[in-house]
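Asker:
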Amino acid sequence: MATLYAGTSGWSYPNWKPKFYPAKLPATKFLQHYATRLNTVEVNYTFRHYATEKTQCNWLAVVPPEFKFSIKAHQNITHIRRLQNASELAAGFLNSLQPLTEAGRVGMVLFQLPPFLKADAALLEAFLTGLPKSGRLSFEFRHQSWFADPIFALLQKFNAALCVAESEKLESPDVVTADFCYYRLRKGEYSKKEREQYAETFRQHLAKNRDVFVYFKHEETPDGAFYAEELLGQPQNGS
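Per numbering that gives the first Met the number 0, the sequence shown starts with residue 0, numbered consecutively.
(1) Where does residue 3 fall in DSSP's three states?
(2) Could you tell me the distance, in whole angstroms, from the CA atom of residue 77 to the CA atom of residue 214?
(3) Which class does residue 180 belong to by DSSP, given the choice of helix, strand or coil?
(4) Can you list, in chain order, the residues of its chain with a C-beta nearer than 7 Å to that of residue 176? Leave out the 5 residues immediately preceding and following it.
(5) In chain order, what residues of the same chain lie with their CB nearer than 8 Å to the CB of residue 197, ignoring the 5 residues before and after it?
(6) Going by DSSP in three states, residue 125 sits in which element: helix, strand or coil?
(7) Do residue 173 and residue 2 come within 9 Å of each other at the CB atom, strictly closer than that value?
(8) Look at the alpha carbon of residue 237 and the alpha carbon of residue 38, and state the distance between them as a whole number of angstroms.
(9) Just tell me which of 89, 170 and 26 has its CA closest to the CA of residue 142.
(10) Less than 8 Å between C-beta atoms, sequence neighbours within five positions excluded: which residues of the same chain meet that for residue 105?
(11) Please state the DSSP three-state secondary structure of residue 91.
(12) Among 113, 92 and 85, which one has its Cα closest to the Cα of residue 124?
(13) Cβ atoms of residue 7 and residue 204: under 9 Å apart, would you say?
(14) If we ignore side chains and look at the alpha-carbon of each, how far apart do residue 145 and residue 119 end up?
(15) Got a sec? Which residues, its chain only, sit under 8 Å from residue 147 by beta carbon, not counting five neighbours each side?
(16) Using the rule of at least 16 other Cβ atoms within 10 Å of the residue's Cβ for burial, across every protein chain shown, is residue 107 buried or exposed?
(17) If you draw a straight line from the alpha carbon of residue 91 to that of residue 163, how long is it in whole angstroms?
(18) My assumption, with CB atoms under 8 Å, is that residue 29 sits in contact with residue 10. Please give the rounded CB distance.
(19) How long is the line joining the alpha carbons of residue 94 and residue 201, rounded to whole angstroms?
(20) What is the residue span of the alpha helix (DSSP H) that residue 109 lies within?
(21) Under the assumption that residue 221 contacts residue 19 (Cβ atoms under 8 Å), give the Cβ distance between them as a whole number of angstroms.
(22) Measure how close the beta-carbons of residue 34 and residue 61 come, nearest whole angstrom, since I'm counting them as under 8 Å.
(23) Which same chain residues end up closer than 7 Å to residue 226 when comparing Cβ atoms and leaving out the 5 residues on each side of it in sequence?
Given below as structure tokens:
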């Protein structure tokens, strides 16, 4: 049975008090509280730092067994190497997630490419070919040239998800390339109608046995957390 995982990008936001976090809750308890209300989080910390074994074990200790962490791949892979000869580096990064992986808590690994990197099918195929054949991967392309059938076909070949990323600057096409889906909804505000439309889209994916991972924007207010909580409170049977 497919599952909807909904959350935000990160959890360490003191300005979410007192609307989401209790006013007197210490920062060390934020993740524990977050995990009582949402069932996944996107970790952006790993874009600049490798998460140590101790850090990962600390995360695992305060969340329930069904909670999933989606991990943003390190910038050395995506922004410095730009996928060029980066498969070995990426394999090392994936191996660094061993505590989370062994516990079955990695929802997805997200490779977010820089806006200036244009489509290169040969580069993408070489990178994917060199990666370990395990775990769920998603790619967020931020240049329009990537949104083309040859790229979608490559992702399908390797069962990697096209990250559907929506922001004020660029909107990715909603194309299914894997047996799971990844959404990054980055607008600051979503109307009730927009949220209902997304909820229906997610129900359709679930009805086709696709797990769905969706992450709202974080930052100044906890609105994204409330949007995610609203999604999780709705029927998920596709009816």
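Idealized CB from N, CA, C, for every residue including glycine. Here the structure is a predicted model, which is why all the values come from computation and not from measurement.
Answerer: With the given structure in hand:
(1) Three-state result, residue 3: strand.
(2) For residue 77 and residue 214, the gap between their C-alpha atoms comes out near 20 Å.
(3) If DSSP states are grouped into helix, strand and coil, residue 180 belongs with the strands.
(4) Contacts found: 151, 154, 155, 159, 160 and 161.
(5) Taking residue 197 as the centre and dropping the five residues before and after it, the same chain places the C-beta of 182, 184, 189, 213 and 230 closer than 8 Å to its C-beta, in chain order.
(6) Three-state result, residue 125: helix.
(7) No. Outside cutoff.
(8) Below a pLDDT of 50, predicted positions are generally treated as unreliable, and residue 237, at 43, falls in that range; the measurement from the model is reported next regardless. Those two C-alpha atoms are separated by around 19 Å.
(9) Per the Cα distances, 170.
(10) Result list for residue 105: 67, 68, 69, 70, 96, 99, 134 and 135, in chain order.
(11) DSSP, read as helix, strand or coil, puts residue 91 in helix.
(12) Of all alpha-carbon atoms in 113, 92 and 85, the one lying nearest the alpha-carbon of residue 124 is that of 85.
(13) Against a cut-off of 9 Å, the Cβ pair of residue 7 and residue 204 comes out as no contact.
(14) Each residue's alpha carbon lies about 8 Å from the other.
(15) Excluding positions up to five away in sequence, the list reads 118.
(16) By the neighbour-count rule (16 or more Cβ atoms within 10 Å), residue 107 is buried.
(17) If you take the alpha carbons of residue 91 and residue 163, they lie about 26 Å apart.
(18) So it is a contact: roughly 5 Å between Cβ atoms.
(19) Looking at the two C-alpha atoms, the distance is approximately 31 Å.
(20) Careful: residue 109 lies outside any alpha helix (DSSP H), inside the beta strand (DSSP E) at 105–111.
(21) Taking 8 Å as the upper bound for CB-CB distance, residue 221 and residue 19 are in contact here, some 4 Å apart.
(22) The C-beta distance from residue 34 to residue 61 rounds to 7 Å, short enough to fall under 8 Å.
(23) Take residue 226, set aside five residues on each side of it, and the residues of its chain with a beta-carbon closer than 7 Å to its own are 189, 194 and 215, in chain order.
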